[in-house]
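Using numbering that gives the first Met the number 0, the first residue of the sequence shown is number 0, and each one after it goes up by one.
This report concerns only the one structure given below.
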Amino acid sequence: MKLNIRLACLVVLSTLAVGVSPTLSNANPVSESETDGVTVINNNIELNRAKNLARQAAEAANGGLGNYRAEASMHGTSEESPFVDNGDGSWTFTFQGYKPGTSVYTVETVVTVSQDGKVRIDYNGRIREKAQF
C-alpha cells in the first residue's frame, strides 16, 4: 500500500514538473497583437495604484478616516475615477470628500501622482466653483 502511494506521488510530481518546464513554457510564442492586452492591464494596475495613493493622501491630509471619506469614485474602478492623464507619466485626480456621518461634500482635493509613486497634493480645501464655459 505504501508503495502505491509513493508511486502515485512520484507520478503526480513528475507530471507537474514537466507541465511547468521552462523549456516547454515558450514552445508556442505569443504573437505581438496578443501582448497588447498585457500593456493595457499593466497601465490599469498603475492607474489603480495612483488612485489609491491619491485617496490615501487626501485621507491623511484631512485627519484620517475618522474625519474624512473620499467620494465613491475613488473606491471604484480606476477607469471611472476622476483623473486626467498628464501625458508625462503622471495622473491628476480631482475629487471631493465629506465627514463621516454626513452626506454633504465639503472638501475638494487635487492630487498628482507619478508612475514612480510620488504624490503631490495640489489643492485641499473648500469646494471651488466649477468654471462655466
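All C-beta atoms in this analysis are idealised placements derived from N, C-alpha and C, irrespective of residue type, glycine included.
Being a predicted model, the structure only gives us computed values, none of them experimental.
Look at Gln95 here: in three-state DSSP terms it is strand. In the three-state DSSP reduction, Asn61 falls in the coil class, being neither helix nor strand.
For Ser80, same chain residues with a beta-carbon under 7 Å away, outside a window of 5 residues either side, are Lys50, Ser72, Met73, Phe92 in chain order.
When Gly75, Asn61, Val106, Leu46 are compared, the shortest CA-CA separation from Gly86 is found for Leu46. Around the beta-carbon of Thr108, 16 or more other beta-carbon atoms lie within 10 Å, marking it buried. Here the alpha carbon of Glu58 sits roughly 13 Å from the alpha carbon of Gly124.
Secondary structure at Arg54: helix, using DSSP grouped into helix, strand and coil. Residues of the same chain with a CB within less than 7 Å of the CB of Leu64, apart from the 5 flanking positions on each side, are Glu58 in chain order.
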